[in-house]
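**Student:** Quick one: structure below, then a few questions.
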Amino acid sequence: MNAVQVVRIIRFGNSYMKLMNAAGIIACAAALMFAPLNQQANAQCLADVNHDNYINGSDLTAILSTWGTNGGSAGGDINSDGTVNGLDLAFVLSWWGVCPGPTWATVLEWAPDAAVVTDANLRAAIVSSGFAWRVRDNAANIEMLLVPAGTFTMGCSASTQYACWSAETPTHQVTLTQAFYMGRYEVTQAQWQAQMGSNPSYASGYSDSPSRPVEHVSWNMIASGSTSFMYLTGLRLPTEAEWEYAYRAGTTTAFHSFPGYTSGTNDDTLLGNIAWYSANADNQTHAVGGKLANGLGLHDMSGNVWEWCQDWYGPYSSVSVTNPTGPTTGSYRLLRGGGWGYGSYYCRASVRDANTPGNFDYGVGFRVVRAP
Numbered sequence: 025m026n027a028v029q030v031v032r033i034i035r036f037g038n039s040y041m042k043l044m045n046a047a048g049i050i051a052c053a054a055a056l057m058f059a060p061l062n063q064q065a066n067a068q069c070l071a072d073v074n075h076d077n078y079i080n081g082s083d084l085t086a087i088l089s090t091w092g093t094n095g096g097s098a099g100g101d102i103n104s105d106g107t108v109n110g111l112d113l114a115f116v117l118s119w120w121g122v123c124p125g126p127t128w129a130t131v132l133e134w135a136p137d138a139a140v141v142t143d144a145n146l147r148a149a150i151v152s153s154g155f156a157w158r159v160r161d162n163a164a165n166i167e168m169l170l171v172p173a174g175t176f177t178m179g180c181s182a183s184t185q186y187a188c189w190s191a192e193t194p195t196h197q198v199t200l201t202q203a204f205y206m207g208r209y210e211v212t213q214a215q216w217q218a219q220m221g222s223n224p225s226y227a228s229g230y231s232d233s234p235s236r237p238v239e240h241v242s243w244n245m246i247a248s249g250s251t252s253f254m255y256l257t258g259l260r261l262p263t264e265a266e267w268e269y270a271y272r273a274g275t276t277t278a279f280h281s282f283p284g285y286t287s288g289t290n291d292d293t294l295l296g297n298i299a300w301y302s303a304n305a306d307n308q309t310h311a312v313g314g315k316l317a318n319g320l321g322l323h324d325m326s327g328n329v330w331e332w333c334q335d336w337y338g339p340y341s342s343v344s345v346t347n348p349t350g351p352t353t354g355s356y357r358l359l360r361g362g363g364w365g366y367g368s369y370y371c372r373a374s375v376r377d378a379n380t381p382g383n384f385d386y387g388v389g390f391r392v393v394r395a396p
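Under my numbering, think of the first position of the sequence shown as 25, with each following residue one higher.
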């Protein structure tokens, strides 16, 4: 039996593993340990169990030696389903070869932390992408989390206290075909200053200012021209669809999930768990990450500062779309998420605002994304 045949069997599920006795598995492992490596670079490095930049016999041994357990420190549970089994073996055999990892980032965690990404379907989607879950961008020193590809309903999510604006309708299906990395937090004053050499923020001078989001930055300062933050770092702003998809993290409610409310909530009185907004922010920004994250591990998607998106502002259509990027021209760029000076209405998943790209405000910042 060769590796391809083994993979075909395992992909049909663990029930087929019963067809393989222990001697057969060991023989297969021995054969693969001495098989020539595929020299093509493979971005799918979750199967690199021991993180030596190769998917080979050492990783196979880690799988077989922890078979039927939770993997322990050996890390054999590649897909984070709680058991080392045929699915994990399939990852190793399918991705056999050289695995250099991302050249632009340092990997912090390959597999999603189940205590952070609590939804099993989201964890499975992250693992299936083949990319590391948590990385740090080397150029900007920004921690980023993987957002897997998927489909969601974009638009109006009313809360218990507030209906939607007409700009949030009609709801429509959006498919994002490629995974992307998004900043775990809003870009901080320290991260901005390290790249740009100065700090435009209104809320500077506090002891925790370096950890507060940068604000008083225009869309042009962030994303336009050879002196912009994005040009200097190689990062980009999220599209509006990417932003809302990442905010929701599988929920359909006005406000994203957090511990105790794994499906999200429409209750405005619970917003303080996830957001700095007018009711609790004391008229100022706060250090990033101080509120509970959403189902992907992203913080401050609601409140703290509004976040610029890449798109020009334009009306929605009811037509299903794939990888939308908004209108080709316009006068206003999109803003999302609400901010410290705004009520719960503005912090909903679907609320939209906009401003001219040259304008700046002490309630407006941004977060970054990039392709794997």
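Glycine included, every Cβ here is placed at the ideal spot set by N, Cα and C.
1) If you reduce the DSSP assignment to three classes, tell me which class Ile166 lands in.
2) Using 10 angstroms around the beta-carbon of Glu133, count the other beta-carbons present and answer buried if the total reaches 16, otherwise exposed.
3) Have a look at Val171 and Asp335 and give me their C-alpha separation to the nearest angstrom.
4) Since Thr130 sits in a beta bridge, which residues does DSSP pair it with?
5) Using the Cβ count rule (16 or more neighbours within 10 Å means buried), how would you classify Thr257?
6) Per DSSP, what kind of secondary structure is Ala71 in: helix, strand or coil?
7) Would you mind stating whether Gly100 and Trp91 have Cβ atoms separated by less than 9 Å?
8) Quickly, what does DSSP pair Pro237 with across the bridge? List them, please.
9) Examine the Cβ distances between the region 257-274 and the region 163-178 and report whether three or more of them are shorter than 8 Å.
10) Which whole runs of the beta strand (DSSP E) in the region 313-377 are 3 residues long or more, in chain order?
11) Measuring straight from C-alpha to C-alpha, what distance separates Gly361 and Trp330?
12) Quick one: is Asn13 buried, meaning 16 or more other Cβ sit within 10 Å of its Cβ, or exposed?
13) Note down the Cα distance separating Ser252 from Asn244, rounded to an integer number of angstroms.
14) What residue from Gly389, Val393, Gly284 has the CA that sits closest to Pro224's CA?
15) Can you list, in chain order, the residues of its chain whose CB lies under 6 Å from that of Ala305, leaving out five sequence neighbours each side?
16) Exposed or buried, which one is Asn109 when buried takes at least 16 other CB atoms within 10 Å?
17) Can you name the start and end residues of the alpha helix (DSSP H) that Tyr285 belongs to?
18) To the nearest angstrom, how far is it from the Cα of Asn307 to the Cα of Ala227?
19) Based on DSSP bridge pairs, tell me the residues matched to Leu200.
20) Would you identify the three-state DSSP class for Phe253, choosing helix, strand or coil?
21) Assuming Asn429 and Ala86 form a contact by the criterion Cβ under 8 Å, report the distance between their Cβ atoms to the nearest whole angstrom.
22) Any idea if Ser190 is buried or exposed, counting beta-carbon neighbours within 10 angstroms, 16 or more meaning buried?
23) Which residue comes first and which comes last in the alpha helix (DSSP H) that contains Gly81?
**Tutor:** Let me lay it out:
1) Three-state result, Ile166: strand.
2) It is exposed - the Cβ of Glu133 has fewer than 16 other Cβ atoms within 10 Å.
3) Val171 and Asp335: Cα-Cα distance of roughly 19 Å.
4) For Thr130, which the question treats as bridged, DSSP gives the partners Arg160.
5) It is buried - the Cβ of Thr257 has at least 16 other Cβ atoms within 10 Å.
6) Coil at Ala71, not helix or strand.
7) In this structure, Trp91 lies closer than 9 Å to Gly100 by Cβ.
8) In DSSP, Pro237 forms a bridge with Thr212.
9) With a cut-off of 8 Å, the region 163-178 and the region 257-274 count as touching, because enough Cβ pairs lie within range.
10) As summarised for the region 313-377, the continuous beta strand (DSSP E) elements at least 3 residues long and confined to that stretch are 330-336, 357-360, given in chain order.
11) Gly361 and Trp330: Cα-Cα distance of roughly 5 Å.
12) Because the chain is modelled from 25 through 396, residue 13 falls outside the range shown and cannot be assessed.
13) Looking at the backbone, the Cα of Ser252 and that of Asn244 are separated by about 7 Å.
14) It is Gly389.
15) Answer for Ala305: Trp364, listed in chain order.
16) In summary, Asn109 is buried, with 16 or more beta-carbon neighbours lying within 10 Å of its beta-carbon over all protein chains present.
17) Secondary structure note for Tyr285: it is in no alpha helix (DSSP H), with a DSSP letter that is neither H nor E.
18) Spanning the two alpha carbons is a distance of roughly 11 Å.
19) Secondary-structure assignment with DSSP links Leu200 through a beta bridge to Gly174.
20) For Phe253, the secondary structure class from DSSP, reduced to helix, strand or coil, is helix.
21) Outside the modelled stretch of the chain, which goes from 25 to 396, sits residue 429, for which no answer is possible.
22) Classification for Ser190: exposed.
23) Looking at the DSSP string, the run of the alpha helix (DSSP H) that includes Gly81 is 81-89.
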